[in-house]
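The block underneath contains the structure these notes are about, expressed in structure tokens.
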Amino acid sequence: MFEVLDETNENLIAIRVGKGTRTGYQELYSLLVEKSDKHGYIHVYEEVPNWTFRAFLTHLHGVVPDLRYGPEFDIDRYAAVGDTRWAKLLFDWWYAIRPIWPVAPNEMRYFDIKKRERALDWLREEI
Numbered sequence: 001m002f003e004v005l006d007e008t009n010e011n012l013i014a015i016r017v018g019k020g021t022r023t024g025y026q027e028l029y030s031l032l033v034e035k036s037d038k039h040g041y042i043h044v045y046e047e048v049p050n051w052t053f054r055a056f057l058t059h060l061h062g063v064v065p066d067l068r069y070g071p072e073f074d075i076d077r078y079a080a081v082g083d084t085r086w087a088k089l090l091f092d093w094w095y096a097i098r099p100i101w102p103v104a105p106n107e108m109r110y111f112d113i114k115k116r117e118r119a120l121d122w123l124r125e126e127i
């Protein structure tokens, strides 16, 4: 479901996400909990290239893990990086429900895939 990218370090988790699966979400959320326990808060870079409608629908598997694991980790900043309307739609839905959803980053932004480095820079900057 996801690939950990080389940019991952300390409190920055950088992943490339494909089709969503229950097992994949459990593995991902275990990583987020582990990093939060170690660093207090985390920044998440999520690259979602070439998403189709079918890939978008597979991420409904994330609803139950969100409810189960969401309170166990703390995402300070989250950057979604994509190149399709389906990636943008999932981001927009998450942004809309953010006030009531257990996985609620303090700040979240969407970047076009061509602005990948800008997304990483935003996550790395100290505020």
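Numbering of the sequence shown is given in the UniProt record's numbering, commencing with residue 1 and proceeding in unit increments. Beta carbons are placed, not taken as given, at the ideal position from N, Cα and C, and that holds for glycine.
field: Backbone secondary structure at L31 - three-state DSSP
entry: helix
- prompt: Taking just the CA atoms, how far does H59 sit from Y95?
  reply: 15 Å
task: Scan the segment 5-93 and note each continuous beta strand (DSSP E) run of 3 residues or more that stays entirely inside, going in chain order.
output: 12-17, 42-48 and 75-82
query: According to DSSP, is E126 helix, strand or coil?
result: Coil at E126, not helix or strand.
message: Taking the straight line between their C-alpha atoms, what separation do you get for L67 and H61?
response: 11 Å
- request: Starting from M108, trace the beta strand (DSSP E) both ways and give me its first and last residue.
  value: E107 to D112
- prompt: For P99, is the classification buried or exposed, using 16 other Cβ atoms within 10 angstroms of its Cβ as the cut-off for buried?
  reply: If you draw a 10 Å sphere on the C-beta of P99, you find fewer than 16 other C-beta atoms in it, and that means exposed.
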